[in-house]
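Here the structure is laid out as structure tokens; the discussion comes afterwards.
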Amino acid sequence: MGMDKQLFKAVDQYIGQMLVRQDEALEKAVVESAAAGLPAIAVSAAQGKLLMLIAKMVGAKRILEIGTLGGYSTIWLARGMAAGGKLITLELLEKHAQVARANLERAGVEEAVEIVVGPALETLPKIAVAGRGPFDLIFIDADKENTPAYWEWSLKLSRPGTIVIVDNVVRDGKVIDAASKDTSVQGIRKCLEMMSKEKRISATAMQMVGAKGYDGFAIGIVE
Ligand code: SAH
Ligand code: DHB
Ligand code: MG
Numbered sequence: 004m005g006m007d008k009q010l011f012k013a014v015d016q017y018i019g020q021m022l023v024r025q026d027e028a029l030e031k032a033v034v035e036s037a038a039a040g041l042p043a044i045a046v047s048a049a050q051g052k053l054l055m056l057i058a059k060m061v062g063a064k065r066i067l068e069i070g071t072l073g074g075y076s077t078i079w080l081a082r083g084m085a086a087g088g089k090l091i092t093l094e095l096l097e098k099h100a101q102v103a104r105a106n107l108e109r110a111g112v113e114e115a116v117e118i119v120v121g122p123a124l125e126t127l128p129k130i131a132v133a134g135r136g137p138f139d140l141i142f143i144d145a146d147k148e149n150t151p152a153y154w155e156w157s158l159k160l161s162r163p164g165t166i167v168i169v170d171n172v173v174r175d176g177k178v179i180d181a182a183s184k185d186t187s188v189q190g191i192r193k194c195l196e197m198m199s200k201e202k203r204i205s206a207t208a209m210q211m212v213g214a215k216g217y218d219g220f221a222i223g224i225v226e
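Last residue of the sequence shown: 226 in the numbering used here, with the numbers rising by one and none dropped.
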């Protein structure tokens, strides 16, 4: 796939110029995240815009994101939110949250976004107890080992019609290796298995190529 990766990147650049049209705040979010030493693992611009479009399609007013990093996907999701909407994003590391705060401010979405710092498995129960759900859209994109647990929390924080999106479900095709010793791969496999057994959800997964290589989203709707 070496040469293809170059091509995927070039086509993503073309799509970016033609349709995605990332503004300065989004560009700066990427630059500032890198400058602060954050890993370059945010969604691509085309994927970010897809998240924005899905938020718009469902008229999302309450969005939950698990895994903020520098707030790049957060900005896209917040911009897709209906007027008066509120997005809660969960992040383990205060350092990442700090970078995200500056990026969200630059994008003009800081009023609509609350960053909750701490391990998501500790902050999710608090969000549930505080009655912050149900959410219209949930984006799971944190540590892959805990993705099955995040999936369970997502169901608890959902209503019929809630959209749940899980990032990184393909991982260069590693997802089909049942014997994988990679705990991230096993976390994703377990999550997909739980989704398949859950009668309350109708779901699919899409393989994606582009600026971020070969990966994909699982997308489901709670019924
Ligand atoms: N959604 C972001 C990328 C998130 S990267 C984007 O596309 O722009 C994954 C993030 O999850 C990292 O910032 C990491 O610190 C965070 N994370 C890892 N373990 C976590 C945990 N247990 N609880 C909450 N966040 C966690
Ligand atoms: C990793 C995490 C992500 O959320 C992602 O989109 C890509 C890579 C990682 O931990 O390697
Ligand atoms: Mg991801």
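Just so you know, even glycine gets a beta-carbon here, dropped at the ideal spot from N, CA and C. Treat the numbers as computed from the prediction; the structure is a model and nothing was measured.
Check                                                                                                   : Outcome
Beta-carbon gap between residue 3 and residue 130 smaller than 8 Å                                      : Coverage of the chain is limited to positions 4 through 226, which leaves residue 3 absent and any answer about it impossible.
Inter-stretch contact (C-beta, 8 Å, three-pair minimum) for the segment 142-160 and the segment 169-189 : yes
Three or more C-beta pairs below 8 Å linking the segment 46-55 and the segment 209-218                  : yes
Test item, CB below 5 Å from any non-hydrogen atom of ligand 3                                          : 144, 170, 171
Proximity of residue 77 and residue 116 at Cβ, strictly below 8 Å                                       : yes
Cβ distance (whole Å) where residue 54 is taken to contact residue 80 below 8 Å                         : 5 Å
Bounding residues of the alpha helix (DSSP H) (the contiguous stretch that carries residue 187)         : 186-200
Contact belief for residue 225 with residue 163 at Cβ below 8 Å, rounded distance in angstroms          : 6 Å
Same chain only: Cβ atoms within 6 Å of residue 175, ignoring 5 sequence neighbours per side            : 217
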